[in-house]
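Novice: Residue numbers (numbering that gives the first Met the number 0): 0 to 84.
Quick reminder that beta carbons are idealized off the backbone N, C-alpha and C, glycines included.
All values reported here derive from a predicted model rather than from experimental measurement.
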Amino acid sequence: MDQENNKNIIYEHPMNERVRNLLRIEHLYKNIENCLKEDSEQNCRTILEVLLHISELLVRSDMKNEIIKELKRQLDVFNVLRSND
């Protein structure tokens, strides 16, 4: 199917809080990426607000532990892939 004709919107509904939090962090980082595309005062403010929001999320010990676990899991997967080369 042609990309231009395929205008479906996909809505994801996270199954648990862990996934919801990880998606939230991903969304916040994407906001920063988008703001970095243009240099403006408003984008700078938005980036600061988003960074503060991310830091508030990461201060929570449960969130920090979940992210550390997930990063370790991803690192293990990458190491297995590297060893298979």
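May I ask you to verify whether the stretch 37-52 touches the stretch 66-76, counting CB pairs closer than 8 Å and requiring at least 3?
Specialist: no
Novice: Would you kindly report the start and end of the unbroken alpha helix (DSSP H) that includes residue 52?
Specialist: Position 53 of the sequence shown, counting from 1, holds the residue named residue 52. Residue 52 -> alpha helix (DSSP H) spans 40-58.
Novice: For the alpha helix (DSSP H) containing residue 9, name the first residue and the last one.
Specialist: As a position in the sequence shown, residue 9 is number 10, starting the count at 1. That residue, residue 9, is in no alpha helix (DSSP H); it is neither H nor E in DSSP.
Novice: Helix, strand or coil for residue 83? Go by DSSP, reduced to three states.
Specialist: For the purposes of this step, residue 83 is taken as the residue at position 84 of the sequence shown. Looking at residue 83 - three-state DSSP - the assignment turns out to be coil, as it is neither helix nor strand.
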